[in-house]
Amino acid sequence: MSGVDLRVDLGGIALRNPVLTASGTFGYGTEFAPFLDLRRLGGIVTKSLTLEPRAGNLPPRIAETRGGMLNAIGLENVGVEAFLREKLPALHADVVVVASVFGTEIEHYAEVARRLSVSERVAGLEVNASCPHVKSGGIEFGQNPNLLAELVRAVRRASTRPLLVKLSPNVTSIAEMARVCEGEGADAISLINTLQALDVDIETRRPVLHNVLGGLSGPAILPIALRMVWQASRAVAIPICGIGGIGTAEDAIKFLICGATAVQVGTASYLNPMAAGEVADGIAEYARRHGLGRIADLVGTLELPR
Amino acid sequence: MRESRAEGGANQRLRLFVPRFGGFEPGQFAMLSPGTLGAAERFDPLLPRPMAIYRAKAVEGGAEVDVLYKVHGRGTALLAQARPGERVRFVGPLGRPFPDAPQGSLALLVGGGTGVASLYELAARTQASAVARVRVLLGARSAEDLMGRDDFEALDVELVVATEDGSLGERGLVTEPLERMLDAEPDAIVYACGPTLMLRRAADLSAARGRRCLVSLENAMACGFGVCLGCAAPKVGGGFALVCRDGPVLEASSVDWERLAR
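This is the structure in structure tokens:
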């Protein structure tokens, strides 16, 4: 990889290249050991962690759609303590680990963040703001600017680690939500989470998922994600981590051009467990071909019509 | 892809050369992506399909792996269209295999629909080991729909066939001969793969007679190696088993059939 400096700084997290894996699509990293040396990646983002283990939703939990998939897993995870005790030590010390934080109440988020911050191995936190807030009748934290501000403030107080906030795309103005996060001290913003969606089996007239609604991911959402990353990057000064339908280096490069400092590969890892590594290699190859000394110089270089 | 061949009904047989393939155990599966790996990635249909590994033969540099499945949608049709020499993505072997049959037992292998494909290697190896007797019960809608009949006949195991239209063997469901055999054979152990209703019936019949029953589930899954959590099967007493990682072979008594079936 001579000649190109692939390193980026994502809100205080030093990454060897701009490619991470998206929360919920990469387990706790160890599952990919047979397929991919994780040290080839900028880092990994874990499955969202809650205070207590969660069992998840009844099946069916996933369904294929055109160029994408729906999921309603229900945030099944081992819980923060089992993660720290069993999952984290299994990863090589050179793997950059960002822990995804999740809760149904603000205080739960803060407590998970506090516990994760005790470990030297946690390079940063990513707050999953796409959770229905129980006390507010199920609206997602990320859909209400006041709730989002309260959430980011609480997690910010609980941890001094680099803090990423992963935004829901199910909002009218992504720029407004990004500004809220920046105002409350977030170090970076990840977007987008899945788009709320529905599909139906016309023979049974039932929704394809037991949960009725699910989150749409995969290549189908890429142009929407790109639009939101571009809008958010113009609204705030903190770095953006682009997510949404990335399966190839070409996809990832689009996000960098539109203002993302780094990217996350998500659903693509299901069909090709080596996808994130291939994206990282392809970005390096593109940078060489275009004579870029530093990949960071590509960030936010979208040429607009005059 | 070495060969893709239609075998009557919707049945399709693929023979793939898989580099560095180090063998597999009966009941394991692989994820096969729809369509060929061309110059550009194909993203529609998006997800790979879980398919039983039917059998494999070691060759120079890897193995020839056979997969037997049914064409029933765009993804499976695209896979069938791959021509010799074209590349398809294959991730496997995956999952936990069938446990060996106990010494002196009668292994009743019950297959319905595509589930038949999960049982061939188990039948072949159990027969070859001579540790247990093997009887294979295969079910299909019709004679044409039945998978792998010639292969099972060539194994020289006891073979019982049931078709719903009576075009081959007994008329009716394969669980009917299973019930008779469970009554007659105190040392039976059941291995079943097929539609959920068939599995549930096999589980109930076995439990009522105190016989051990292992089922191989065919849930939809996106990854096959324990990260998408899409293939969760409810367990008795709460929680879920991942069909890809904890299965596909599970103890029938551990599955919460009520919550599994919609």
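Those protein sequence lines, which keep their order, are chains U and G. So the first sequence is numbered by this note's numbering: it starts at 1167 and just counts up by one. So the second sequence is numbered by this note's numbering: it starts at 61 and just counts up by one. Virtual Cβ for every residue (Gly too), placed ideally from N, Cα, C.
Interface with chain G (8 Å Cβ-Cβ cutoff): Gly1413 (chain U) is included. For Gln1362 (chain U), the enclosing beta strand (DSSP E) starts and ends at 1361-1363. The Cβ atoms of Val1445 (chain U) and Ile1412 (chain U) sit closer than 8 Å to each other.
Among the residues facing chain U, Ala293 (chain G) is included, as its CB has a counterpart in that chain under 8 Å away. Distance from the Cα of Gly135 (chain G) is smallest, within the candidate group G:Ala177, G:Gly299, G:Gly95, for G:Gly95. In the structure shown, Asn1237 (chain U) adopts extended strand secondary structure according to DSSP, grouped into three states.
Between the stretch 1378-1390 of chain U and the stretch 1317-1325 of chain U there are fewer than three C-beta pairs closer than 8 Å, too few to call the two in contact. Straight through space, the alpha carbons of Leu1241 (chain U) and Phe1192 (chain U) are spaced by roughly 13 Å. Burial is judged here by how many other beta carbons sit within 10 angstroms of a residue's own beta carbon; Asp1203 (chain U) has fewer than 16 and is exposed. When the beta-carbon positions are compared, Ala262 (chain G) and Val275 (chain G) come within less than 8 Å of each other.
Per DSSP, reduced to three states, the secondary structure at Leu1388 (chain U) is helical.
Under the Cβ distance rule, Glu1197 (chain U) counts among the residues neighbouring chain G, one pair being separated by less than 8 Å.
Taking the Cα positions, Ala1453 (chain U) is about 25 Å away from Phe103 (chain G).
With respect to the 8 Å criterion, Ser93 (chain G) and Pro79 (chain G) are not classified as neighbours on the basis of their beta carbons. The beta carbon of Ala140 (chain G) is closer than 8 Å to those of Ser64, Ala66, Gln72, Leu74, Val131 in its chain, skipping five residues each way along the sequence. Between the stretch 81-89 of chain G and the stretch 1202-1218 of chain U, the count of C-beta pairs closer than 8 Å stays below three; the two stretches do not touch.
Within the model, the alpha-carbon separation for Thr1216 (chain U) versus Val1246 (chain U) is close to 6 Å.
Taking the beta carbon of Thr1191 (chain U) as reference, the chain G residues within 8 Å of it are Val287, Cys288, listed in sequence order. Phe103, Asp104, Pro105, Leu106, Leu107, Pro108: these are the residues of the stretch 103-114 of chain G whose beta carbon lies less than 8 Å from some beta carbon of chain U, given in chain order. Note that the C-beta distance between Leu1333 (chain U) and Ile1355 (chain U) is below 8 Å. Within chain U, the residues whose beta carbon sits less than 7 Å from that of Val151 (chain G) are Pro1439, listed in sequence order. For Met1235 (chain U), the chain G residues whose C-beta falls within less than 8 Å of its own C-beta are Leu106, Leu107, Ala282, listed in chain order.
The DSSP-derived three-state label of Val275 (chain G) is strand. Residues of the stretch 69-94 of chain G that bring their beta carbon within less than 9 Å of a beta carbon in chain U comprise Met91, Ser93, in sequence order. Cβ contact annotation for Asp216 (chain G) (same chain, cutoff 6 Å, sequence separation greater than five): none.
Taking a contact to require three or more Cβ pairs closer than 8 Å, the stretch 1355-1373 of chain U and the stretch 1333-1342 of chain U qualify as touching. Leu1224 (chain U) sits in coil when the DSSP states are folded into three classes, being neither helix nor strand. For secondary structure counted as the alpha helix (DSSP H) over 4 or more consecutive residues, the stretch 203-271 of chain G holds these complete runs in sequence order: 209-214, 235-244, 256-268.
Of the candidates G:Val196, G:Arg319, G:Gly284, the residue whose Cα lies closest to the Cα of Val296 (chain G) is G:Arg319. Contact annotation for Pro1226 (chain U) against chain G: Asn279, Ala280, Gly290, Arg322 [CB-CB distance below 9 Å, chain order].
Between Leu1361 (chain U) and Val1378 (chain U), the CB-CB gap reaches or exceeds 8 Å. In the structure shown, Asp1203 (chain U) adopts coil according to DSSP, grouped into three states.
Rounded to whole angstroms, the Cβ separation of Val151 (chain G) and Leu76 (chain G) is 12 Å, and the two are not in contact under 8 Å. In this structure, the alpha-carbon of Gln187 (chain G) lies about 10 Å from that of Ala167 (chain G). Between the stretch 1168-1187 of chain U and the stretch 1425-1432 of chain U there are three or more C-beta pairs closer than 8 Å, enough to call the two in contact.
Spanning the alpha carbons of Ala1401 (chain U) and Met1343 (chain U) requires a straight line of approximately 10 Å.
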